[in-house]
Every structure is written in C-alpha cells, then in structure tokens.
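In what follows, a structure is listed as structure tokens, so that the remarks can point back to it.
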Ligand code: 1CP
C-alpha cells in the first residue's frame with residue numbers, strides 16, 4: 001500500500017484535492033522543470049556530479065536537486081528529479097548525454113533491436129530512482145505533494161527510435177505507419193514497463209504521477225488514438241486498479257481539439273494543457289477533469305507586468321473550476337529565478 005497523501009491534520013494535501021476535483025481554498029501551483037538550469041545551485045551541483053546520468057542515478061543528489069526550488073519558492077508540488085529516457089536505459093538501450101545536446105540513444109528501428117530490450121533488470125537499474133522517492137518523502141515539507149513521472153510510450157518511443165530529440169519524429173512515425181504490428185510491440189513493451197515504473201514510484205512514496213506525452217501533437221487523428229490515447233489509457237487503468245487513490249495527470253502537449261474527450265478516454269484525473277489552448281476551451285474541459293497549465297514559459301522569462309497580467313487572466317478564467325496552476329511547458333534555462341518567486345506569490349494570493 002502506498003503511504004496516504006495526508007497532512008498531519010488528517011486532511012488530504014491541497015494539490016491532491018485539486019487533482020481529484022474537490023473544491024479548494026485556492027488553486028495549487030507547481031511548475032514543470034522547476035528544478036534545473038535556471039537555478040545557480042542546480043548548475044553548481046550538476047557540475048559537481050560530473051555527468052547528468054550520475055546526477056539522476058545518485059539518490060542523495062537527485063533528492064537535493066528536487067528540493068532546491070522548494071527552499072526558494074512555496075510550491076505545492078515537487079516533481080521527482082529524473083529524466084524521461086532513463087526507462088529506455090533500464091530496458092537495455094544505451095543512453096548518453098552530451099553537453100548541450102540532451103539525450104542520445106543507440107536507435108531501435110527494427111525487431112532485432114527491439115528483441116534486445118527487456119524488463120528483466122529494469123528495477124535494478126531504476127533502484128536509485130525509487131530510493132530518491134523514498135528520501136524525498138522523508139525530507140519534503142509536510143504540505144508539499146510529491147509527484148512521480150514517466151514519459152508516455154509514444155514520446156519515449158520517439159527518442160528510442162530516432163536516437164535523439166527531433167523536430168519531425170520522422171523515424172518513429174514512419175515505423176508506426178509502415179508496420180503497425182512491429183511498432184505496436186515496442187509500444188506494448190513501454191506500456192508494461194511504464195506501468196511497473198510508476199507503480200514502484202507510488203509504492204516508494206509518490207503521491208501523484210504525471211505522464212508526459214510531449215510529442216503527442218506529431219500524430220494525425222488515427223495515430224493519436226492508437227499510439228497516444230490507447231497506451232496512456234492502458235497505463236492509467238492498470239495504475240488505478242492497483243493504486244485507486246493516486247491521481248494521474250496526463251500531458252498530451254499541444255494536441256488542440258484532440259484534448260476534448262481525452263480525459264474520459266484515458267481515465268486521467270487531470271490533463272496538462274499547453275499555452276496555445278484558448279482558456280474558453282479549457283473551461284469546457286474542467287467539467288470532466290482537472291486542468292493544469294498554461295502560462296507561456298516565455299512570459300515567465302519576461303516577468304513583470306506582462307507575466308502578471310496573463311497569470312491574472314488564467315486565474316480569473318480557470319481558478320474557480322478544477323484547476324492547478326502551471327506553465328504550458330517547462331521553465332526555460334535563462335529564466336530569472338525572481339520571476340518564479342513573483343509568480344508563485346501571485347498565484348498563492350489569489351482567491352476564487
Ligand atoms: O544539462 C542538464 O542539466 C540537463 C537538462 C535536463 C534536465 C534538468 C534534462 C535533459 N532533463 C532534465 C530534468 C527533467 N526532465 C525533469 C525533472 C524534473 C523537473 O521538471 O523539475 C523532467 C520531468 C524531465 C522530463 C523530460 N525529459 C521530458 C518531458 C517534459 C518536456 O519537457 O517535454 C522530455 C521531452 C525530456 C527529454 C530531455 N531531457 C533533457 C533534455 C534537454 C530533453 C529534451 C530534448 C529534446 O528537446 O528533445
């Protein structure tokens with residue numbers, strides 16, 4: 001059984017209540033990539049860790065990086081510090097990080113390469129990540145919710161097939177279009193592995209989980225149904241049967257009108273929306289799930305009155321429904337930390 005996400009008062013934490021759709025005293029706030037390069041203390045620790053993988057796989061360091069933003073800002077949530085391609089690494093695909101380049105993997109593009117991947121040793125490799133979660137549950141302030149995460153099968157597959165981040169995800173799309181059965185085997189492996197990965201995070205102490213489908217918008221309608229909705233839905237249903245009280249946030253980024261019906265189809269408690277979604281459309285989504293988003297990260301980088309004005313508009317439009325304040329995508333590395341402080345104060349001071 002997972003430890004209950006309760007404060008000593010016996011009441012569920014604010015972020016958990018908002019994700020489950022309860023009426024709350026104010027909207028909770030956390031930000032994607034709230035740990036990371038915009039913080040000088042992160043850059044310092046990152047340099048000391050040597051490699052980025054060493055940072056992710058050393059529980060003491062990964063927990064410290066997760067906690068760094070919480071020491072500066074009164075976030076309601078803390079997201080586990082790890083990275084999306086770690087699961088591919090744990091399945092046996094060679095992963096490396098080169099300076100300024102992001103993840104680089106030995107591409108998996110056919111059944112022979114796929115046959116080399118296995119879940120047999122994944123939990124051994126990911127053991128340090130689960131240990132980071134356990135440490136965080138001991139170290140986090142009582143009112144802060146610990147969020148675990150994983151990539152969605154489609155988004156992780158784009159990295160595994162391409163071998164790196166790309167603009168068009170051409171190799172993954174072509175495999176999916178050309179050979180549904182073969183590509184389906186990769187996706188099914190990722191559904192199984194992601195379910196186990198998130199379950200272990202929950203058992204170690206994660207109180208909510210987010211599934212990042214950052215590249216969901218690369219797929220046309222039928223592909224979105226087959227490779228995004230279906231696998232994410234399978235993961236959510238399996239997690240719900242094991243951990244019915246743990247909220248699941250799904251973030252199929254920038255899918256526009258495909259957001260309609262997504263929460264019902266997948267069973268997610270909450271959906272993350274990008275900055276381009278009209279707030280009037282987001283209001284309609286709030287009738288069936290919690291909406292999380294969607295300040296443009298560039299506005300956070302700009303700060304001042306433009307940021308304040310747009311944040312106020314988001315709060316006025318969405319703050320009285322099921323809502324968690326966040327960005328539309330992650331914090332940019334050149335964002336001044338003071339802007340984050342000002343934003344968190346503004347959101348926390350607002351009342352429905
Ligand atoms: O040089 C460095 O220090 C590495 C930069 C970095 C960081 C800080 C990477 C490489 N990953 C991370 C941390 C990270 N990644 C977190 C930690 C917690 C937090 O949010 O505070 C999380 C949740 C992720 C998830 C992640 N990694 C996603 C999904 C979210 C998104 O941004 O869309 C994706 C797509 C990745 C891949 C990745 N890892 C790192 C980079 C630079 C990238 C993107 C590469 C690309 O553009 O394709």
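In the working numbering, the protein residues as written are 1 to 352.
Here a beta-carbon is modelled for each residue, glycine too, at the ideal position from N, C-alpha and C.
Quick check: the Cα distance between residue 157 and residue 9, rounded to an integer number of angstroms?
Between residue 157 and residue 9, the C-alpha separation is close to 43 angstroms.
With 16 as the cutoff for other CB atoms within 10 Å, does residue 173 come out buried or exposed?
Buried: at least 16 other Cβ atoms inside 10 Å.
Quick one: what does DSSP say residue 336 is sitting in, helix, strand or coil?
Of the three classes helix, strand and coil, the one that applies to residue 336 here is coil, per DSSP.
Based on Cα-Cα distance, which residue from 295, 190, 243, 175 lies nearest to residue 205?
Nearest of 295, 190, 243, 175 to residue 205, Cα basis: 243.
Assign residue 208 to one of three DSSP states: helix, strand, or coil.
Strand.
Is the segment 316-327 in contact with the segment 286-301, if contact means three or more CB pairs nearer than 8 angstroms?
Yes, the segment 316-327 touches the segment 286-301.
Leaving out five residues before and five after residue 342 in sequence, what residues of the same chain have Cβ atoms less than 8 angstroms from its Cβ?
Answer for residue 342: 303, 307, 308, listed in chain order.
Within 7 angstroms: the Cβ of residue 298 and any heavy atom of the ligand 1CP?
No, the Cβ of residue 298 stays beyond 7 angstroms of every heavy atom of the ligand 1CP.
By the 10 Å Cβ neighbour count, where 16 or more other Cβ atoms means buried, how is residue 232 classified, buried or exposed?
Label assigned to residue 232: buried.
Consult DSSP for residue 331 and reduce its assignment to one of helix, strand or coil.
Reduced to three states, the DSSP call for residue 331 is coil.
Output yes or no for whether 8 angstroms exceeds the beta carbon distance between residue 331 and residue 36.
Cβ atoms of residue 331 and residue 36: closer than 8 angstroms.
Which residue's Cα is closest to the Cα of residue 200: 88, 225, 347, 126?
Looking at the Cα atoms, 126 is the closest of the given residues.
Please list, in chain order, all residues of the same chain as residue 310 whose beta carbon is under 8 angstroms from its beta carbon, the five residues on each side excluded.
Result list for residue 310: 295, 296, 299, in chain order.
Given a threshold of 16 other Cβ atoms within 10 Å of its Cβ, counted over all protein chains shown, does residue 13 qualify as buried or as exposed?
So residue 13 counts as buried.
In this structure, how does DSSP classify residue 52 when only helix, strand and coil are distinguished?
The answer is helix: DSSP assigns residue 52 an H, G or I state.
What residue ranges within the segment 142-208 form continuous alpha helix (DSSP H) runs of no fewer than 4 residues, ordered along the chain?
Runs found: 153-162, 170-178, 180-204.
Can you check whether the CB of residue 352 is closer than 8 angstroms to the CB of residue 320?
Yes, Cβ-Cβ distance for residue 320 and residue 352 is below 8 angstroms.
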